[in-house]
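A.B. asks: Listed in order, the protein sequences are those of chains A and G.
Sequential numbering from 17 applies to the first sequence in the working numbering.
Sequential numbering from 14 applies to the second sequence in the working numbering.
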Amino acid sequence: MTKTSNQELLVAAIKDGTVIDHIPSSRIFEVVGLLGLQGLGSAVVVGCNLESGQMGKKSIIKVADKFFSPEEVDRLSVVAPGATLSIIRDYNVVEKHQVKLPAVLRGIVRCDNPVCVTNNEPMPSRFHVVSPSKVRCHYCEHEQELSKVQIQG
Amino acid sequence: MHARKSFVSIAGLSRKDILHLITMAAEAEREPNRKILDGRIVATLFFEPSTRTRLSFETAANRLGAKVIGFSDPKVTSSTKGETLNDTIRMVSNYADVIVMRHYLEGAALYASEIADKPVINAGDGAHQHPTQTMLDLYSIYKTQGTLDDLDICLVGDLKYGRTVHSLIQALRHFSPRFHFVAPRELAMPEVYKQQLTEWGIPFEEHTELDAQAIGSADILYMTRVQRERFQDLAEYEKVKNLYVLRASMLSAARNNMKILHPLPRVNEIAYDVDDTPFAYYFKQAENGLYMREAIICDVLGIKL
Ligand SMILES: [Zn+2]
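#1: Taking the alpha helix (DSSP H) that residue 131(A) falls in, what are its first and last residues?
#2: Spell out whether any CB of chain G is found under 8 Å from the CB atom of residue 32(A).
#3: DSSP state of residue 18(G), grouped into three classes?
#4: On the three-pair Cβ rule with 8 Å, is the stretch 132–151 of chain A touching the stretch 74–83 of chain A?
#5: Can you find a heavy atom of ligand 1 that lies under 7 Å from the Cβ of residue 141(G)?
#6: Return the chain-ordered list of same chain residues with a C-beta closer than 8 Å to the C-beta of residue 167(A), the five sequence neighbours on each side being excluded.
#7: Between residue 152(G) and residue 182(G), which are expected to be in contact by the criterion C-beta below 8 Å, what is the C-beta distance as a whole number of angstroms?
#8: Using CA atoms only, rank isn't needed, just tell me which of 60(G), 121(G), 301(G) and 190(G) is closest to residue 275(G).
#9: Which residues in chain A sit within 9 Å of residue 99(G), going by Cβ to Cβ distance?
#10: Of all the CB atoms in chain G, is at least one closer than 8 Å to the CB of residue 107(A)?
#11: Would you verify that the beta carbon of residue 64(A) is, or is not, closer than 8 Å to some beta carbon of chain G?
#12: Based on the DSSP output, what are the partners of residue 88(A) in its beta bridges?
#13: So, with DSSP's three-state summary, where would you put residue 102(A)?
#14: I believe residue 221(G) touches residue 197(G) by the beta-carbon criterion, under 8 Å. Please report the beta-carbon distance rounded to the nearest angstrom.
#15: For residue 175(G), which residues of its own chain have a beta-carbon under 6 Å away from its beta-carbon, when the five flanking residues on both sides are left out?
#16: Consider the Cβ of residue 137(G): report whether some Cβ of chain A lies at a distance smaller than 8 Å.
#17: Would you mind working out which of 147(G), 254(G), 112(G) and 36(G) sits nearest residue 313(G), comparing C-alpha positions?
#18: Short of 9 Å Cβ to Cβ, which residues in the stretch 119–137 of chain A face chain G?
#19: Determine the DSSP secondary structure at residue 114(A), reduced to helix, strand or coil.
#20: Can you give me the C-alpha to C-alpha distance between residue 242(G) and residue 251(G), rounded to a whole angstrom?
#21: Could you pull the start and end residues of the alpha helix (DSSP H) that residue 106(G) belongs to?
#22: Identify every residue that forms a DSSP beta bridge with residue 191(G).
#23: Mind checking whether the beta-carbon of residue 120(G) lies closer than 7 Å to any heavy atom of ligand 1?
#24: In whole angstroms, give me the CA-to-CA distance for residue 235(G) and residue 74(A).
#25: Thinking residue 168(G) and residue 133(G) are a contact (beta carbons under 8 Å), I'd like their distance in whole angstroms, please.
#26: Where does residue 19(A) sit, in a helix, a strand or coil, going by DSSP?
#27: Count the other CB atoms within 10 Å of the CB of residue 19(G); is the residue buried (16 or more) or exposed (fewer)?
#28: With a CB to CB cut of under 8 Å and the five nearest residues on each side skipped, what residues in its chain are close to residue 266(G)?
#29: Starting from the beta carbon of residue 304(G), find every residue of chain A whose beta carbon is closer than 7 Å, and list them in chain order.
#30: I think residue 156(G) touches residue 201(G), with their Cβ atoms under 8 Å apart; what is that distance to the nearest whole Å?
#31: If the cut-off is 8 Å on Cβ atoms, which residues from the stretch 210–222 of chain G count as contacting chain A, listed in chain order?
#32: Check whether the stretch 131–145 of chain G and the stretch 58–78 of chain G touch, using three or more Cβ-Cβ pairs below 8 Å as the test.
#33: Let's see if you can read the secondary structure: which residues bound the beta strand (DSSP E) around residue 62(A)?
#34: Does residue 164(A) pass the burial test, meaning 16 or more other C-beta atoms within 10 Å, or should it be called exposed?
#35: Is there a C-beta anywhere in chain A that falls below 8 Å from the one on residue 141(G)?
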């Protein structure tokens with residue numbers, strides 16, 4: 017009980033916005049980066065290493081007055097496949113869902129093949145999700161582990 | 014937008030597609046000179062030099078009556094001035110009816126085919142694909158054996174990096190082949206391809222020696238170069254380099270119908286005394302490339318031979 021209220025203190029409630037929960041703590045700053053949260057004008061609260069029954073330590077991000085586009089949610093699904101999104105309106109959770117890895121990732125993952133055309137042309141990358149842990153480049157067909165991918169800048 | 018049909022990869026070709034192109038190539042061979050592409054323009058864009066492949070494509074285009082534009086040395090083009098592939102392809106697709114492209118980047122041909130509003134033919138994209146080579150290999154196998162079905166295919170040499178052997182495996186999966194792989198351990202067929210073969214239910218055997226047993230069990234002996242620079246351990250290269258050289262004296266156990274293929278150019282992996290045996294087919298194989306490329310150019314333009 018005490019623990020929970022401490023966490024609530026750490027991560028204050030927001031009136032309108034989005035809560036991203038169940039982010040692996042090791043990837044929290046990647047999530048901040050890939051969603052461009054540091055450049056937002058509105059309040060962003062980042063809570064790291066909070067106790068979580070399911071995943072040991074988890075991290076959480078609350079973003080005021082921001083509702084993510086499907087494209088942004090796809091980006092999130094790559095680094096935090098188990099994350100949940102809660103849409104907050106007037107302090108109430110009006111919608112909650114787990115992010116889902118789409119079948120095709122466009123412009124998100126960087127190909128690990130240096131001689132792939134996507135690393136040498138001004139173009140978005142394109143990957144097919146071949147298993148829950150593996151993606152294949154649409155162009156050069158190299159496969160990568162999802163847990164090791166880099167995000168296309 | 015009109016329907017366009019590029020030819021960038023072997024992976025998507027069905028048994029029917031392959032046999033259709035073989036029929037077209039046979040028709041092109043029956044009458045190589047026909048002016049059916051009179052007034053059309055074929056662009057050959059070689060961002061990486063390959064005289065052999067370029068001459069084959071340009072001869073094919075000329076024999077069909079098309080005009081050829083393009084470049085064979087990227088140093089003289091704007092790609093060295095920083096023009097993107099995207100811009101070059103958009104510009105050229107305003108001029109030409111077909112784009113034949115060789116590029117050092119993997120996936121470049123597929124990307125070009127998405128940008129261009131004209132068909133793109135992949136003449137090699139780095140270590141990735143060289144599908145017209147595979148099609149001319151298949152045409153050569155078909156011509157010499159009278160079928161693609163149920164053959165013993167022996168692949169020799171660099172089976173690790175050789176893209177031609179990987180594409181050949183992929184294409185032949187439709188024709189119930191039996192594969193025999195002969196390679197030094199360092200250049201053995203990668204696991205991923207062997208797994209695929211197992212999934213497809215295609216049998217294969219692995220050998221490290223090019224001996225009478227391997228040669229005698231083949232309908233097709235497909236030779237590739239064992240290149241020094243592929244070895245991490247040069248002592249290992251010195252040990253194996255002569256094991257994969259084919260000589261006429263090794264052919265006594267060969268089947269009568271057996272033919273030797275090689276993507277050329279060869280270095281020393283086929284001794285010159287093999288050239289005069291009835292088994293040598295590699296020069297004819299290169300000539301077959303001309304007919305197959307005529308067929309592919311026509312096919313992407315929606316012309317039936
Ligand atoms: Zn790639």
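Backbone N, C-alpha and C fix where the C-beta goes; we use that ideal spot for every residue, glycine too.
Note that the structure is a prediction, hence the values are computed from the model and not measured.
C.D. replies: Working from what's here:
#1: Taken as a continuous stretch (DSSP letters only), residue 131(A) belongs to no alpha helix (DSSP H), as it is neither H nor E.
#2: no
#3: coil
#4: no
#5: no
#6: 46, 49, 50, 91, 94, 95, 124, 125 and 126
#7: The Cβ separation is near 17 Å, so there is no contact.
#8: 301(G)
#9: 137, 138 and 139
#10: no
#11: no
#12: Answer is none; residue 88(A) lacks a bridge partner.
#13: strand
#14: 6 Å
#15: 237
#16: no
#17: 112(G)
#18: 127, 129, 131, 132, 133, 134, 135, 136 and 137
#19: strand
#20: 12 Å
#21: 98–108
#22: 165(G)
#23: yes
#24: 56 Å
#25: Actually they are not in contact, since the Cβ atoms of residue 168(G) and residue 133(G) sit about 29 Å apart, beyond 8 Å.
#26: Residue confidence is low: residue 19(A) scores 48 on pLDDT, short of 50, so the model does not pin down where it sits. No coordinate-derived value is stated.
#27: buried
#28: 225, 226, 228 and 229
#29: Within 7 Å Cβ-Cβ: nothing; residue 304(G) doesn't reach chain A, min ~29 Å.
#30: About 30 Å; that fails the 8 Å criterion.
#31: none
#32: yes
#33: 60–68
#34: exposed
#35: yes
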